[in-house]
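Read the structure below first, then the notes.
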Amino acid sequence: MSFLQQRPRRLRTTPAMRRLTAETRLAPAELILPAFVREGLSEPNPISSMPGVVQHTTDTLKRAAAEAVELGLGGLMLFGIPEVRDAEGTASLDPEGVLNKAIRDVRAEVGDDLVIMSDVCLDEFTDHGHCGVLDADGYVDNDRTVEIYAQMAVAQAEAGAHMLGPSGMMDGQIAAIRAALDDAGHVNTSVVAYAAKYASAFYGPFREAVDSQLKGDRRTYQMDAGNRREALREVELDLAEGADIVMVKPAMSYLDIVADVAAMSPVPVAAYQISGEYAMIEAAAANGWIDRRAAITESVLGIRRAGADMVLTYWAAELAGWLKE
Ligand code: PBG
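One point on numbering: in our numbering, the residue at position 46 of the sequence shown is 1099, and numbering is uninterrupted.
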């Protein structure tokens, strides 16, 4: 005779039962694919620390965008790698610069079938690799940087981006970008604020992906790994400044932050599963230490379960393909 009334295992007995009672599901529409485009390339260039990810040519980027539409992805987040860099990152403002041109090309390719997002940050464009311009002491000058971000934002909106992603963690960047967009008539260009972005060792492979010139670190602008309360302050500021979506980054070592932000945010919450998180799973899988597909799926599911409404992940296209099987 059974003595148990409560048997949670009843709901796990068959795949159909587990499917019925799943609390979190994944769908292509909530996945955003970050993509790199490099000026002057004739062939896509593999990124060795991110196996399977490349620096795109214009052509391969357009193809990736068309594929993203077919897969039903939510969006693309574009990063540009210019041929020439300088202290002020001036190539970021050139309408013919690599990122602005890529936005225009992708928009011409996919129209409104995908949310086209672009990185508003100077680190890819400066010869010192910092996310802003430097003052005489080598400190990243907040207010001068924000002025440039505002101009970058208008240039990207003019190129056709639907949503801008300021990732530089300057104070007041959302308000400045919002005001500049509105003044230029781009009232419907939205902003996904990298609100709680931590100074992380897991950005390592991204530095290779964008040929970053950075020496040193970003600790005077990105957050310290141990700070939890401060994330809410950053999110509240970005909301007050007009953020349409708020993001937590990285994702996997910051799931408590994702959950905190999800609990208080009146706007959608994004999380960015970054280059180092990608590289770790790829490396373990390549060694036969974990089941690649199961680990990828579980990692993204965990980020969604923590409360993220959408996830930026380098596996977006592959994962969406699996979800359609
Ligand atoms: C800054 C930016 C970075 C990433 C996205 N935007 C690099 C950094 O802050 O050091 C990292 C993304 C990743 O690691 O996948 N423009």
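Glycine is no exception: its CB is placed at the ideal position from the N, C-alpha and C atoms.
Buried/exposed call for residue i, threshold 16 Cβ in 10 Å
i	result
F1132	buried
V1301	buried
A1370	buried
Y1192	exposed
S1055	exposed
S1145	buried
Q1058	exposed
D1344	exposed
S1318	buried
G1269	exposed
W1368	buried
D1188	exposed
A1336	exposed
N1241	exposed
V1299	buried
K1377	exposed
L1152	buried
Any non-hydrogen atom of the ligand PBG closer than 7 Å to residue i Cβ
i	result
A1062	Ala is not the amino acid found at residue 1062; the sequence shown has Arg there. Flag unset: Cβ of R1062 not near the ligand PBG.
S1328	yes
D1176	yes
Y1256	yes
R1091	no
D1172	yes
F1056	no
R1078	no
V1271	This sequence places Arg at residue 1271; Val is not what is there. Under cutoff, so the answer is yes.
S1102	no
S1306	no
S1220	yes
Range covered by the beta strand (DSSP E) that runs through residue i
i	result
Y1256	From DSSP, Y1256 is part of no beta strand (DSSP E); its letter is neither H nor E.
D1172	1168 to 1173
M1300	1298 to 1302
L1365	1363 to 1365
P1068	Per DSSP, P1068 belongs to no beta strand (DSSP E); it is in the alpha helix (DSSP H), 1068 to 1073.
I1100	Note, I1100: premise wrong, no beta strand (DSSP E); not H, not E.
F1132	1128 to 1134
M1216	1216 to 1219
Residue i in three-state terms, based on DSSP
i	result
T1179	strand
A1229	helix
L1094	coil
A1088	strand
I1343	coil
G1185	coil
V1353	helix
G1329	helix
D1139	strand
A1249	strand
A1210	helix
Of the listed residues the options, nearest to residue i (C-alpha basis)
i	options	result
D1313	D1264, A1248, Y1274, A1369	A1248
L1064	D1180, V1245, R1286, A1075	A1075
G1128	S1253, L1234, V1245, W1375	V1245
A1117	F1178, Q1204, V1159	V1159
E1083	V1322, R1062, A1337, I1227	V1322
P1087	Q1209, D1235, V1263, A1140	V1263
E1351	N1280, L1079, R1271	L1079
T1366	P1097, L1126, M1216, F1178	L1126
A1140	H1181, G1329, A1361	H1181
L1167	G1185, C1174, I1085, D1188	I1085
H1183	Q1209, Q1266, P1081, P1148	Q1266
V1311	G1257, R1281, E1335, G1329	R1281
L1292	G1225, D1309, S1253	G1225
G1329	V1122, I1356, G1257	G1257
G1142	H1215, T1110, Y1202	Y1202
I1156	N1340, E1289, L1124, L1114	L1114
A1332	R1071, F1259, A1359	F1259
A1161	A1232, G1213, F1178, L1175	G1213
E1092	R1358, G1185, R1072, H1109	H1109
E1211	Y1251, D1190, P1148, R1271	P1148
A1296	P1303, E1287, A1304	E1287
D1176	G1185, M1170, I1169	G1185
For residue i, the first and last residue of its enclosing alpha helix (DSSP H)
i	result
R1271	R1271 -> no alpha helix (DSSP H), and no H or E assigned at all.
A1316	1308 to 1317
D1158	1151 to 1163
L1114	1111 to 1124
L1290	1282 to 1293
A1370	1369 to 1377
A1082	Neither: A1082 is in no alpha helix (DSSP H) and is coded neither H nor E.
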